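Okay, structure first, notes after.
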Amino acid sequence: MRVVVFGGGYAGIVAVTRLERRLPESAEIVLVDQRPTHLIKHELHRVIRRPEFAAELQIPFADILKRAQFDQRTIASIDSDAGAVTFEDGEQMSYDAGIVALGSRPNYYGLDGVEEHSVPIATPADATHIADSMADLLEAEAGTIVVAGAGLAGVQVAGELAAVRNDADATDISIILVEQASEIVPGSSGRFQEAIRQALTERNVEIRTETTVSGADESVVGLADTLDIPADLFVWTGGIQGQALFDGDRPRVRADLRLGDRTFGAGDAVQAVDEDGSLVEPTAQAAVGMATVAADNAILRVQADDQTGFRPAYHRYRKTGESRIVTVGDTAVAQLGPTVVTGPAARALKSVVGVRYLSAAGAIENALTVFRSEFDLAHPRAGRELDRDRP
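Anchor point for the sequence shown: position 58 equals 456 in the numbering used here, and the numbering is continuous, going up by one each time.
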């Protein structure tokens, strides 16, 4: 029996961890990723202010996996019905059940010059590039930064850049956050949006909604139906697309997350429709929830092979209560159901969520580093309390 997880992001790691706990010792579990490390992507914006933090966000898979094997290779194709993967080196691997959790990549929508002249926030190298560019602007004591896309990622990048600028008292550096929709963080509640808008405005981030990027060159961000913006740094957080393996698509799956007879999808790699018929947003929270369903269904699929005529009653993904957490520089905004929380309480919540996830993945030291960074903890009592919680 072989179960393979493709991709070591949030969904992939949660799926592997669940498979390790629930499959018998005789089962072979394989994690495939082209990189050797897991990236704590929800904290990537922190590197803009603290470049040295980049290393802490990358956890070797060897430090996370307990009994699963790690295979570092690039995937060329997957036959989701037959249960077979072909790698770029030409080798093939069969599997009894598989989970595709390859994540997504930035989508530039074919806009002229945008990919060439912008920086995404997808890797530590991207975040370091933004930090270096900001350092150049601080040295010049002037400049304009455009962040395109006011979803959670764009808000966090704009907030972090504002913190760097404000700490340096560089009043001649402008930060402009543009969003095509009529409000920031589209799809979220009005109270959540307003709290984020207030936090950004208090930090002198200019917000332009109903503003569409039409293109870019080395010094200008082009806008549709309004004046272009001269820009010294252009950060793109305007959307995602699927991996090249799927020709840029994110295959749509139903609530049971089936991509094929032997394969399930989880996280940003797919577009899922939940049990209530709603399209699932591409968030880390959703990726983790989908991963548990995909792992359980993969187990049901391999069990079906051992039971003639057995048709699995697959589990179905259903979104839980709405919750969102976003940092804006040194503050945070969180929504738990209808309640919106700001300030220290929201920051504490974001840190606890990160620690719980990383601890579950077996990376407690990295979890504590994230926690301390979120709070700038230096008080010895705080350190002792954290140490007391170590397993």
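Built from N, CA and C at the ideal position, the CB exists for glycine as well. Nothing here was measured: the structure is a model prediction, and the numbers come from that model.
Check: Spatially closest choice to S721 from D704, E426, L550, by CA coordinates; Outcome: L550
Check: Residue environment, L417, which counts as buried when at least 16 other CB atoms sit within 10 Å; Outcome: buried
Check: R471 (DSSP reduced to helix, strand or coil); Outcome: coil
Check: Per-residue DSSP class, three states only, for L625; Outcome: coil
Check: For W634, the nearest candidate out of L657, V544, D645, P522 (CA to CA); Outcome: V544
Check: Those runs of the beta strand (DSSP E) which lie wholly inside the region 458-523 and span at least 3 residues; Outcome: 467-470, 473-477, 482-485, 490-492, 495-498
Check: Collapsed DSSP secondary structure at G658 in the structure displayed; Outcome: strand
Check: Endpoints, the alpha helix (DSSP H) within which V700 is located; Outcome: 682-703
Check: Spatial distance of A453 from D703 (CA atoms); Outcome: 43 Å
Check: Backbone secondary structure at T599 - three-state DSSP; Outcome: helix
Check: Cutoff 7 Å; reference A413; Cβ partners in own chain excluding five residues on either side; Outcome: V403, I497, A499, A664, A689, A692, A693
Check: Segment limits, alpha helix (DSSP H) that includes A556; Outcome: 550-565
Check: Rounded C-alpha distance that separates V724 from Q683; Outcome: 12 Å
Check: Sequence-distant residues of the same chain with beta carbon closer than 8 Å to Q490, five excluded per side; Outcome: A482, V483, T484
Check: Beta-carbon proximity check, L442 vs I697, cutoff 8 Å; Outcome: no
Check: 8 Å CB neighbourhood of V686 in its chain, flanking five on each side removed; Outcome: Y408, A409, V412, Y755
Check: Close Cβ partners of G570 (< 8 Å) along its chain, the five nearest in sequence each way excluded; Outcome: Strictly speaking, residue 570 in this sequence is Asp, with Gly absent from that position. Excluding sequence neighbours, D570 sits near E539, A540, G541.
Check: Nearest candidate by alpha-carbon position, reference E558, set Y712, A597, F468; Outcome: A597
Check: Local conformation of Q733 per DSSP, three classes; Outcome: strand
Check: The beta strand (DSSP E) enclosing E426, as first and last residue numbers; Outcome: 426-431
Check: Q669 versus V576: straight-line alpha-carbon distance, rounded; Outcome: 25 Å
Check: Rounded distance between the beta-carbons of R648 and V671, thought under 8 Å; Outcome: Not really, about 12 Å apart at Cβ, beyond 8 Å.
Check: Burial state of N602, where buried means 16 or more other Cβ atoms lie within 10 Å; Outcome: exposed
Check: First through last residue of the beta strand (DSSP E) which encompasses T542; Outcome: 541-546
Check: Alpha carbon of A629 to alpha carbon of D510, nearest angstrom; Outcome: 16 Å
Check: Alpha-carbon to alpha-carbon, I605 and T624; Outcome: 15 Å
Check: Proximity winner among D479, L536, A425, Q432, relative to T472 (alpha-carbon distances); Outcome: Q432
Check: For V512, the nearest candidate out of V700, V401, T737, S617 (CA to CA); Outcome: S617
Check: In DSSP terms, what L677 is bridged to; Outcome: V671
Check: Beta-carbon gap between Q639 and S502 smaller than 8 Å; Outcome: yes
Check: Proximal residues to M399 (C-beta, below 6 Å), its chain only, five neighbours per side dropped; Outcome: A425, D494, V700
Check: V731 and T740 closer than 8 Å at C-beta; Outcome: yes
Check: Where G405 sits in the DSSP three-state scheme; Outcome: coil
Check: Secondary structure of L766, DSSP reduced to three states; Outcome: Note that L766 has pLDDT 46, beneath the 50 cutoff, so the model's placement of it is unreliable and the number below is only indicative. Three-state result, L766: helix.
Check: Reference S878; option with closest CA among E486, A622, S572, I476; Outcome: Any question about residue 878 goes unanswered here, given that the chain covers just 399 to 789.
Check: Cβ-based burial, R709 [other Cβ within 10 Å; buried from 16]; Outcome: exposed
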